[in-house]
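J.: Heads up: the sequence shown runs through residues 339 to 940, numbered per this note's numbering.
Okay, handing you the structure first.
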Amino acid sequence: MKAAIGSSIGRKIVGALLAIYLLTYGLTAAVVYTGVHRSLLDSAEGGLAQVADLKYQRLCNRMDELATDLTAWAQLEVMNDLVSGDVDRRIGTTLEALQRLYGLAGGIYAFDAGGALIADADGDDGAPPRGTRLPAAWTVTAHGVTFFDKHRNPLGGGDVVALAIPIFGSFAPDYRVGTLVIALPWTMVETLLSGVEPRTVLVRRPPHPAVLSSAADPDMDRESHITGRSVQRDGLLRSWQVVVSQPMSVVTRPLRRVALELALLGILLAAPIFAFVRWMGRRLTAPIMELTRAVRVIADTDQLDIQVPVTSQDELGFLARSFNRMTASLRNARAERDRSMRDLEHLNLTLEGKVADRTAELEAAVTAQRRLISDISHEIKSPLARLSMALGLARRQVEPQAPRHFDRMEQEIAAVAALASELLTLARLEGAAAGLQRAPVDLPDLLRAIIADAAYERPDRQRDLALVVAPDLPDGGVLPGNADLLRRAIENVIRNALFYTTAGVQVTVTLATPAANAPTGLSLTVADRGPGVSDDAIGQLFDPFYRADPARARDTGGTGIGLTICKRVVELHGGAVRATHNHPTGLVVEITLPAMPHTPQN
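Take a look at the structure:
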């Protein structure tokens, strides 16, 4: 069923509208059914409560009548004979007459003040003997009528209820001469309950609850019942309550007809609604079906000249117009694509050759650059080795100042050899990023050592060198790095500054933290007052073998690769280097080193 509904939009619309109808009608029917069910239960409860009240009222009326009669009998003049023991049996005769007159089924008993039976309405047949003591169950303490609930008759057997009242003498209203008791058999109570109809129960209320009378209906425990209870009233029977029940199946029997009628009504309404929904679905989906057909044709045949008819001005009409514009745009785009493909094919024929030539040129240039650096390093190493050998031989000659000069020359030879080694390392690192062997480097101490070496090399410029270290450097100016490479890079910058400034002109080396908007780390600046460079040349100072003007000529002692090595070393430490003008003349080189360097990408 799911596959059949999902095969087209029209069927989906029909299915959705029918589902809405079924849901709406189902909820409405459920509300109606629930309302009828609740109404039947309320009506049944009310009717059963009225029946229970009628039965209870019948019992109360009968007991009130007997209480009134008993009160009148206790005030008869003949009751004064209880004082003399009813010698002439006037009390017994009176009680028998009253029993016959009122049609009482129970017994009437008169006891004297001492609790001895003096007279009863049973005569000599089956009556308890004279002198029988007043049962404790019938003891009366109040002045009015007292009701005794269901109990065994202490004078005759069988279940009874009793009414008792004290008897006072007419000659002395406060003098109690005896007690008058009516014992009614329990069958009379059940008769008043209409013979204890099935599902009618007489119960005693708390605090001493009990079932006093119940119908022997075996079906009461097999199904649910609805009950009605009598309303409690003040009086002799205020502790009693009548409960009338009826099987739930009897009460809800009309619901079957209600449910059947609701089902038939739903079926009758479904037929015209289904026909209308189906017609509406076909009408709504006709433009969509036409659009679907056009799309299928385009997908199967790649024909973009198909147009969909516009039959309305609503959303479906807008969709059809948009589809027609889209097919027109696709035709134009396909034509433009074909033209572009032809142009690209023509360009591709010449571009492949040009790319191959340019690639070969670049590879040749890179190879030549690496070979040049490697050759320079090897050319430097060879004379250094020979010079070291010559120094070794010269040490054998005795001269007072020779050892000191020889030591210095060996230090310089070692420094040049280290530079050549770094050139080889940089040549190997070209083309790929490589990690360095890093260790904590105390940059302030390193700068002091570099300046000391520079002052040793140029004693005449010792007073021109100034080192400024900021007092608030993070971690005291210690950062992870390669001390040898950093020393080489900074030495190149400081030497350049000394080379291109005159004696007596100060060269300032400053170590501080970067500007507020710069990354965390350290900033090293070397400022000189040399001839400087032009604006066009300042951006090329770090290119290898670049010379800006005669002020930077070879006769000043530069090699043309010092700043290139500096830039590469700083980049390997994740930092940056730049050159700016030091107005009015001179140059400022700023090196920024991060606190946590990152390996640079090639």
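Heads up, the beta-carbon is just placed ideally off N, CA and C, and yes, glycines get one too.
Looking only at its own chain, which residues have a Cβ that is under 6 Å from the Cβ of valine 615, when we skip the five neighbours before and after it?
T.: For valine 615, where only same-chain residues beyond five positions count, the Cβ hits under 6 Å are Val352, Leu355.
J.: Exposed or buried, which one is glycine 819 when buried takes at least 16 other CB atoms within 10 Å?
T.: Glycine 819 should be labelled buried.
J.: Looking at the secondary structure, which residues open and close the beta strand (DSSP E) in which proline 932 lies?
T.: First-last of the beta strand (DSSP E) with proline 932: 925-932.
J.: Do proline 492 and proline 523 have their C-beta atoms within less than 8 Å of each other?
T.: No, the pair does not count as a contact, with Cβ atoms beyond the cut-off.
J.: Please report the distance separating the alpha-carbon of aspartate 419 from that of leucine 397.
T.: So the two alpha carbons sit approximately 33 Å from each other.
J.: Grouping DSSP H, G and I as helix and E and B as strand, with all else coil, what is histidine 489?
T.: Correct three-state label for histidine 489: strand.
J.: Does DSSP put histidine 546 in a helix, a strand or coil?
T.: If DSSP states are grouped into helix, strand and coil, histidine 546 belongs with coil.
J.: Specify, as a first and last residue, the run of the beta strand (DSSP E) that valine 847 falls within.
T.: Taken as a continuous stretch (DSSP letters only), the beta strand (DSSP E) holding valine 847 covers 845-850.
J.: Can you grab the Cα-Cα spacing for the pair arginine 890 / proline 922, in whole Å?
T.: Caution is warranted here: a pLDDT of 45 is assigned to arginine 890, below 50, making its placement in the model unreliable, and no coordinate value can be reported.
J.: List the residues that DSSP assigns as beta-bridge partners of tryptophan 578.
T.: Partner(s): Arg542.
J.: DSSP state of aspartate 780, grouped into three classes?
T.: DSSP places aspartate 780 in strand when its eight states are reduced to three.
J.: For threonine 477, verify whether its CB is less than 7 Å away from any heavy atom of the ligand FAD.
T.: Only the bare structure without any ligand can be found here, which leaves the ligand FAD out of the picture.
J.: For glutamine 584, which beta-bridge partners are listed by DSSP?
T.: Answer by DSSP bridge pairing, in chain order: Ile564.
J.: Can you look up arginine 890 in the DSSP assignment and give me helix, strand or coil?
T.: Caution applies to arginine 890, whose pLDDT of 45 falls short of 50 and renders its modelled position unreliable; the value that the coordinates give is listed next. Arginine 890 falls in the helix class under three-state DSSP.
J.: Please state whether DSSP places histidine 481 in a helix, a strand or coil.
T.: Of the three classes helix, strand and coil, the one that applies to histidine 481 here is coil, per DSSP.
J.: Quick check on DSSP: helix, strand or coil for glutamine 939?
T.: Per-residue confidence for glutamine 939 stands at a pLDDT of 47, beneath the threshold of 50, marking its modelled position as unreliable; no derived number is given.
J.: What's the C-alpha gap between phenylalanine 880 and glutamate 928?
T.: Rounded to the nearest angstrom, the two C-alpha atoms are 13 Å apart.
J.: Whole beta strand (DSSP E) runs in the segment 793-834 with 3 or more residues, listed along the chain?
T.: Correct list: 803-807, 816-819.
J.: By the DSSP assignment, the alpha helix (DSSP H) with phenylalanine 614 in it spans what residues?
T.: Phenylalanine 614 -> alpha helix (DSSP H) spans 591-639.
J.: Any contact of the segment 406-415 with the segment 633-642, i.e. 3+ C-beta pairs under 8 Å?
T.: In short, these stretches do not touch, since the Cβ pair count stays below three.
J.: Buried or exposed, going by whether 16 or more other CB atoms sit within 10 Å of the CB of isoleucine 358?
T.: The residue in question, isoleucine 358, is exposed, as its Cβ has fewer than 16 Cβ neighbours within 10 Å.
J.: Residues in its own chain within less than 8 Å of valine 816 by CB, not counting five upstream and five downstream?
T.: Result list for valine 816: Pro778, Val779, Asp780, Leu781, in chain order.
J.: State the CB to CB distance for the pair aspartate 426 and serine 568, rounded to an integer number of angstroms; the pair is presumed to be in contact (CB under 8 Å).
T.: Rounded, the Cβ-Cβ distance is 47 Å, inconsistent with contact.
J.: With the cut-off set at 8 Å, would you say tyrosine 371 and leucine 600 are in Cβ contact?
T.: Result yes, Cβ atoms of tyrosine 371 and leucine 600 sit closer than 8 Å.
J.: Work out the CA separation of alanine 448 and glycine 482 for me, nearest whole Å.
T.: In a straight line, the C-alpha of glycine 482 is about 16 Å away from that of alanine 448.
J.: By DSSP, does serine 381 sit in helix, in strand, or in coil?
T.: Serine 381 falls in the helix class under three-state DSSP.
J.: Which residue marks the beginning of the beta strand (DSSP E) containing valine 499, and which one marks its end?
T.: Where valine 499 is concerned, the enclosing beta strand (DSSP E) stretches over 497-506.
J.: From Ser377, Ser872, Glu403, pick the residue whose C-alpha is nearest to that of proline 592; which is it?
T.: Looking at the Cα atoms, Ser377 is the closest of the given residues.
J.: Who are the near neighbours of leucine 575 in its chain, counting only those whose CB is closer than 8 Å to its CB and skipping five residues on each side?
T.: Taken in chain order, the residues that qualify are Tyr394, Leu397, Cys398, Met401, Phe485.
J.: Within 10 angstroms of the Cβ of arginine 825, are there 16 or more other Cβ atoms? Answer buried if so, exposed if not.
T.: So arginine 825 counts as buried.
J.: Quick check on aspartate 458: does DSSP put it in helix, strand or coil?
T.: It is a strand residue.
J.: If contacts are defined as beta-carbon pairs under 8 Å, then alanine 521 and alanine 500 qualify, I think. What distance do you get, rounded to the angstrom?
T.: The pair is a contact, with the Cβ atoms about 5 Å apart (cut-off 8 Å).
J.: In the DSSP assignment, find the beta strand (DSSP E) that holds tyrosine 447 and state where it starts and stops.
T.: Note, tyrosine 447: beta strand (DSSP E), 445-450.
J.: Along the chain, where does the beta strand (DSSP E) that runs through valine 864 open and close?
T.: Residues 859-865.
J.: Just to confirm the assignment, what range does the beta strand (DSSP E) spanning arginine 916 have?
T.: First-last of the beta strand (DSSP E) with arginine 916: 914-919.
J.: Along the chain, where does the beta strand (DSSP E) containing arginine 571 start, and where does it finish?
T.: Arginine 571 -> no beta strand (DSSP E), and no H or E assigned at all.
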